[in-house]
DNA sequence: GTGTAAATTTGCAATGGATGCAAATATGAT
DNA sequence: ATCATATTTGCATCCATTGCAAATTTACAC
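Protein chains in written order, with UniProt numbering: chain A, 1 to 203; chain B, 1 to 203.
And the structure:
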């Protein structure tokens, strides 16, 4: 564990962090579309070209902690507690996926402001959904492998898709209504309960 | 409905259709990224600039029938059968959303080839998910209004999100495995059954 | 320290999508 | 034929993204 990082690595981390902070700040200040890569790199004091050796696209910088979040969620499934039911495990997965995560020496959480930004800018919304989708894919895969004998691939996909699909759509409505983070979270829980109980319980 | 369409309208429809056909053909022939707007407009015999007065972006042309599909689905909910259960109604909604639809004088269905294209090109996948998401939003809204007294907004969102989330994720896995359209559809049905029965039924 | 190999950054040119704008065309109605 | 309106087109421009080669920086051996 003795992370002996040389100057080279430290410098890269510092640059990455500067780009992320500059980008998020500018996006919130003047809007996503209205901010150019040139402005971000100027604020981070690197060349425009360098931005693309850290992020593959302008959207990517907003999701800089995406991979760390997914891996944290996968770990929850991998380290499942023997006695726990699948449903309880999945609820823990969703819960953890909202916790703060560390990346680029930055410990961050999905603040309401960042969510707002992602839901508002079309390009970010689309990319975010794509990442969410890939996340679901990986989670379903992990779920199937963690319970190889009890849960087949289709059941795993149905479980993840149903639970997260319900929670995501419901919380989106809640956020759009301008509800508080507590209310949004409560809405998500209720939606997941419905998914767990089954649609048959409605109407 | 005596649609007395003048030359002007007929011409616009013809152009729109030419653009759609040229674009889809070229995308399948040489790939989405590899095809330029210039090539599409050349094939449709209009100027590059004109493309953007028909579609707001290069991705959009692939989803030309999206709005017609959503409206058909909304209509199914609006014309709900009094005696039918919510679950049966939603199953019909999903079923119909796969039917052929007419737009720009073109009657089209979501062919495996087009789905393949959408799932493969990152830009199309993201845009497609964004459209799917917006569709779910509108369906949930319609569901709530159609059953104003029995289904509140959160229940509606949970129902739509759960059912479609499960079906979409499961069928994606199925398609990726190269299964036949019949197998894919069977997988979707099974996933929806799980969503209807509830996650509690797993594991 | 020096020198050298490897990693990074940078500048530059080019491609392609997207948009605003005004001139040129085409269409519909009188 | 003529006028008002709708469409198309050409152009200029902005910006994200990529390839490439030169310049700079860091790591490491001697």
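Note that the Cβ used here is the ideal one computed from N, Cα and C, for glycine as well.
In whole angstroms, what separates the C-alpha of residue i from that of residue j?
{"i": "residue 204/B", "j": "residue 26/A", "result": "Because residue 204/B is not part of the residues shown, which for chain B are 1 to 203, the question remains open."}
{"i": "residue 112/A", "j": "residue 28/A", "result": "12 Å"}
{"i": "residue 107/A", "j": "residue 77/A", "result": "22 Å"}
{"i": "residue 42/B", "j": "residue 33/B", "result": "17 Å"}
{"i": "residue 175/B", "j": "residue 131/B", "result": "20 Å"}
{"i": "residue 84/B", "j": "residue 90/A", "result": "32 Å"}
{"i": "residue 116/A", "j": "residue 61/A", "result": "16 Å"}
{"i": "residue 35/A", "j": "residue 39/B", "result": "30 Å"}
{"i": "residue 200/A", "j": "residue 170/B", "result": "20 Å"}
{"i": "residue 63/B", "j": "residue 128/B", "result": "8 Å"}
{"i": "residue 55/A", "j": "residue 20/B", "result": "33 Å"}
{"i": "residue 53/A", "j": "residue 57/B", "result": "27 Å"}
{"i": "residue 8/A", "j": "residue 44/A", "result": "17 Å"}
{"i": "residue 202/A", "j": "residue 86/B", "result": "8 Å"}
{"i": "residue 10/A", "j": "residue 24/A", "result": "21 Å"}
{"i": "residue 245/A", "j": "residue 182/A", "result": "This structure cannot settle anything about residue 245/A, because the visible part of chain A is limited to 1 through 203."}
{"i": "residue 179/B", "j": "residue 133/A", "result": "20 Å"}
{"i": "residue 6/B", "j": "residue 15/B", "result": "14 Å"}
{"i": "residue 177/B", "j": "residue 186/B", "result": "14 Å"}
{"i": "residue 198/A", "j": "residue 92/A", "result": "19 Å"}
{"i": "residue 1/A", "j": "residue 114/A", "result": "Because the pLDDT at residue 1/A is just 44, under 50, the model does not fix this residue reliably, and the point stays unresolved."}
Could you have a look at residue i and say whether DSSP puts it in helix, strand or coil?
{"i": "residue 46/B", "result": "coil"}
{"i": "residue 15/A", "result": "helix"}
{"i": "residue 111/A", "result": "coil"}
{"i": "residue 117/A", "result": "helix"}
{"i": "residue 79/A", "result": "coil"}
{"i": "residue 169/B", "result": "helix"}
{"i": "residue 36/B", "result": "coil"}
{"i": "residue 41/B", "result": "helix"}
{"i": "residue 187/A", "result": "helix"}
{"i": "residue 106/B", "result": "strand"}
{"i": "residue 1/B", "result": "Confidence at residue 1/B is low in this model, with a pLDDT of 45, below 50, so the placement of that residue should be treated as unreliable; the coordinate-derived value is given next. Coil, per DSSP."}
{"i": "residue 138/B", "result": "helix"}
Give me the residue from the options with the minimum Cα distance to residue i.
{"i": "residue 59/B", "options": "123/A, 12/A, 34/A", "result": "123/A"}
{"i": "residue 110/A", "options": "31/A, 23/A, 66/A", "result": "66/A"}
{"i": "residue 146/B", "options": "198/B, 181/B, 178/B, 82/B", "result": "82/B"}
{"i": "residue 103/B", "options": "68/B, 125/B, 118/B, 126/B", "result": "68/B"}
Give every residue of the same chain whose Cβ lies closer than 8 Å to the Cβ of residue i, excluding the five residues on either side of it in the sequence, and list them in chain order.
{"i": "residue 138/A", "result": "70, 74"}
{"i": "residue 142/B", "result": "74, 77, 78"}
{"i": "residue 140/A", "result": "153, 156, 157, 159, 160, 161"}
{"i": "residue 148/B", "result": "none"}
Going along the chain, which residues of its own chain have a beta-carbon closer than 6 Å to the beta-carbon of residue i, five neighbours each way excluded?
{"i": "residue 144/A", "result": "151, 153, 156"}
{"i": "residue 184/B", "result": "171, 174, 175"}
{"i": "residue 80/B", "result": "89, 146"}
Given residue i, which residues of its chain have a CB within under 7 Å of its CB, disregarding the five upstream and five downstream residues?
{"i": "residue 268/A", "result": "Shown here, chain A extends from 1 to 203; a query on residue 268/A therefore has no answer."}
{"i": "residue 50/A", "result": "41"}
{"i": "residue 105/A", "result": "13, 17"}
{"i": "residue 47/A", "result": "41"}
{"i": "residue 121/A", "result": "32, 33"}
{"i": "residue 118/B", "result": "62, 124, 125, 128"}
{"i": "residue 22/B", "result": "40, 43, 44"}
{"i": "residue 30/A", "result": "none"}
{"i": "residue 37/B", "result": "48, 51, 58"}
>> Assess contact between the segment 90-100 of chain A and the segment 72-79 of chain A, defined as three or more Cβ pairs (one per stretch) separated by less than 8 Å. Is contact present?
In response: They touch, by the three-pair rule.
> Within the chosen definition, does the segment 149-168 of chain A reach the segment 190-197 of chain A through at least 3 CB pairs nearer than 8 Å?
Replying inline: The segment 149-168 of chain A makes contact with the segment 190-197 of chain A; the number of CB pairs closer than 8 Å reaches 3 or more.
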